[in-house]
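Beneath this line is the structure, given in structure tokens, with notes to follow.
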Amino acid sequence: VSSMINTPETPSASSSLLQPAQHLTKAPQVVFKKKIHVTTTTIDQWAQEHNIDHVDFMWLDTQGSELSILKSSPKILKTTRAILAEIEFIEAYKNQALFGEIKTWLESVGFTLIALNISSSQWAGDALFVRK
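Dropping the structure here:
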């Protein structure tokens, strides 16, 4: 669980399933002092459990897990029309996929990059992909 250095008891938006890497030097005001156990599922499993047969728009901001989430849910991905994903240009979290890998993979499964918004930090942003 991440928090700001001056408010260590208040979680911040940088918590991840992955361990921090360059995030530690790029945003030193964010600290990762506490670990918790989190149960996860795939979007395919979630959709099946809730009788969801398609997803028009998917918004992923999972601190480095975006590509593994997409790859683990091929059934629902085939129904998805658009994906907004947080992306990084540096390894903010250990073993995360970077923007180029995410873009290449999404293009290989039928999506095209429509828009890219790079944050003021210059090492992260958001990418909008739409099915061709």
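The numbering of the sequence shown is my numbering, which starts it at 134 and goes up by one.
Quick reminder that beta carbons are idealized off the backbone N, C-alpha and C, glycines included.
Grab me the residues of residue i's own chain with a C-beta within less than 6 angstroms of its C-beta, minus the 5 sequence neighbours each way, in chain order.
i    : result
E270 : It is not possible to answer for residue 270, since the shown part of the chain is limited to 134 through 265.
S149 : Q196, G197 and Y226
T213 : V188 and M191
I216 : M191 and F262
R264 : R214, G243 and F244
Q152 : K227
Count the other CB atoms, across all protein chains shown, that sit within 10 Å of the CB of residue i; report buried if there are 16 or more and exposed otherwise.
i    : result
L157 : exposed
L203 : buried
Q255 : exposed
Q162 : exposed
F232 : buried
E182 : exposed
Counting only the same chain and skipping the five closest in sequence on each side, list residues whose C-beta sits under 8 angstroms from that of residue i.
i    : result
V164 : S135, S136, M137, I138 and P141
I185 : W179 and I209
D177 : S205, S206, P207, K208 and I209
Q145 : Sequence check: residue 145 is Ser here, not Gln. So the list reads S135, S136, M137 and V163, once near-sequence residues are dropped.
Can you list, in chain order, the residues of its chain whose CB lies under 7 angstroms from that of residue i, leaving out five sequence neighbours each side?
i    : result
L246 : K236, A260 and F262
L200 : A230, E234, I235 and W238
I251 : G258
CB residue i to CB residue j, shorter than 8 angstroms?
i    : j    : result
A218 : L193 : yes
Does the segment 233 to 243 come within contact of the segment 165 to 172, defined as at least 3 CB pairs closer than 8 angstroms?
For the pair of segments examined, the segment 233 to 243 was found not to touch the segment 165 to 172: the number of CB pairs separated by less than 8 angstroms stays below three.
3 or more residues per run - each beta strand (DSSP E) lying fully within the segment 178 to 228:
190 to 193 and 215 to 221
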